[in-house]
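Chains as they are written, first to last, in the numbering used here: chain C, 56 to 490; chain B, 175 to 237.
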């Protein structure tokens, strides 16, 4: 399997990737970088979070300060949750972060607990390597607050906030209908902050900084697509999609799959857009969890849409009838389009479902499926038309596989002890002139 | 008042449609779709009848 490359931009700030993203950051290293130490009053940190404009990095992009305040002001003693369950197949940044920099996330979690007045904290995840790393970090330093690690089975919807709460409360990791939102009634009925681990890492960085901080000016990104190795990187929001694509590879992509499976499939006209939220929203898309797939010349947007919706259909938690029926109908119609057997009625149905299905499920999985279909039809009209007339060879070569092709491997940072062992092993070879 | 639906509970019985045709529609699979969320005073009685008609308590009114 291809290995994901970690790319630190030259000259640009990368506060979350840090200086050695290939290594596990132990307590001594984190303390040496100023971690845990800074005493910042909760009100002061909340003001910094607000002034920096920090938003959630899990996908929805909700303003973090608003969420912190709502949980703090809710009825009852709050609970805080670091959400590391990364269900998007094309994203690796949350699992990398927990594996490589567990103390940065825990620092942010403890600070969020202080801001909200929480007396309990959870780290919620499914990745075994991330769990080992977090448990080791908790063993290295007594957090001074009850912190429990809760593991779930990996699933697309398992990281959705109501699914997180349901799992922590002992139930299945499946979404519930809203309202109530978890900030009103979450774990054990308490006001609950479910915060993405990157958001918490940036909260910790804001606490450690003095004066103006770049902690909220960058974003972790997972880039994939084409034949090149996937890339985990951190870039400023003024970076354009074209510049990102150049980091990833040389050839021109055929389309862009944005925001994991949530931002839809976009034509190349978007390449000069920066990553700024407002600019992407104007173009009808969003950064979501920061996973971007630049489709290679051998990847057809129709086949990728069919594959992505096939994945969402398989990952539907099958609680909402409209999601079971809606995702299946979208999947079957896109599969028919990929096989060159979609008629005018099929296309009309896609347009109708794109309008009528969003917002109808308990979670947003159905919305993602509908957006993939609607952006394909609106952004690639000629391509879609061609697929109605004749079968597409690229589509035939890549039939839907429940999103397997969209999956990106997670980088495995080495533990400090292991890193020195590797260094010791490497030395005799180097002196013997091997290589 | 707001009319709310819990999509995880809607089984597509369609019992909510006759009492509140202007507030609810059924999609092609028979599941209820809200046409109105914020109710006016004169829509409340019909919405309440639809809530009562659902055999699986998928609909509710919220202040």
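No residue lacks a Cβ here, since even glycine has one placed at the ideal position from N, Cα and C.
Residues of the stretch 356-377 of chain C with a C-beta atom less than 7 Å from some C-beta of chain B are 374, 375, 376, 377, listed in chain order. Within chain C, the C-beta atoms nearer than 9 Å to that of residue 201 (chain B) come from 377, 380, 381, 411, 412, 415, in chain order.
Using a CB distance below 7 Å, the part of the stretch 178-208 of chain B facing chain C consists of 180, 181, 182, 184, 185, 186, 201, 203, 205, 207, ordered along the chain.
Shown here, residue 303 (chain C) sits in a helix according to DSSP, grouped into three states. Annotation: the continuous beta strand (DSSP E) that includes residue 137 (chain C) extends over 134-138. Among the residues facing chain B, residue 227 (chain C) is not included, as its CB has no counterpart in that chain under 9 Å away. For residue 232 (chain C), the chain B residues whose C-beta falls within less than 7 Å of its own C-beta are 180, 181, 182, listed in chain order. For residue 366 (chain C), DSSP assigns no beta-bridge partner whatsoever. If you ignore the 5 residues before and after residue 263 (chain C), its C-beta comes within less than 7 Å of the C-beta of 89, 90, 93, all in its own chain and listed in chain order. Beta-bridge analysis with DSSP links residue 289 (chain C) to C:275. Distance from residue 78 (chain C) to residue 471 (chain C) at the Cβ level is roughly 6 Å; contact confirmed, criterion being Cβ atoms closer than 8 Å. Here the alpha carbons of residue 406 (chain C) and residue 395 (chain C) stand approximately 18 Å from one another. Counting C-beta pairs with one atom in each stretch, the stretch 144-152 of chain C and the stretch 447-463 of chain C have three or more that are closer than 8 Å, which means they touch.
Going by C-alpha positions, residue 173 (chain C) is about 9 Å away from residue 131 (chain C). Of the other Cβ atoms in all chains shown, 16 or more fall within 10 Å of the Cβ of residue 126 (chain C); this residue is therefore buried. Not flagged as an interface residue toward chain C: residue 218 (chain B), since no C-beta distance is shorter than 9 Å. Two segments are said to touch when three or more pairs of C-beta atoms, one from each, lie closer than 8 Å; by this definition the stretch 147-166 of chain C does not touch the stretch 350-362 of chain C. The three-state reading of DSSP puts residue 189 (chain C) in helix, counting H, G and I together. Straight across, the Cα-Cα distance linking residue 300 (chain C) with residue 278 (chain C) is about 8 Å.
Per DSSP, the beta-bridge partners of residue 203 (chain C) are C:177. The beta-bridge partner set that DSSP reports for residue 251 (chain C) consists of C:138.
Residue 236 (chain B) carries a strand assignment under DSSP once its states are collapsed to helix, strand and coil.
The alpha-carbon of residue 260 (chain C) is positioned some 49 Å away from that of residue 186 (chain B).
Assigned with DSSP and collapsed to three states, residue 112 (chain C) falls in coil, not helix or strand. For residue 206 (chain B), the enclosing beta strand (DSSP E) begins and ends at 206-208. One thing to note: residue 196 (chain C) has its Cβ no nearer than 9 Å to the Cβ of residue 164 (chain C).
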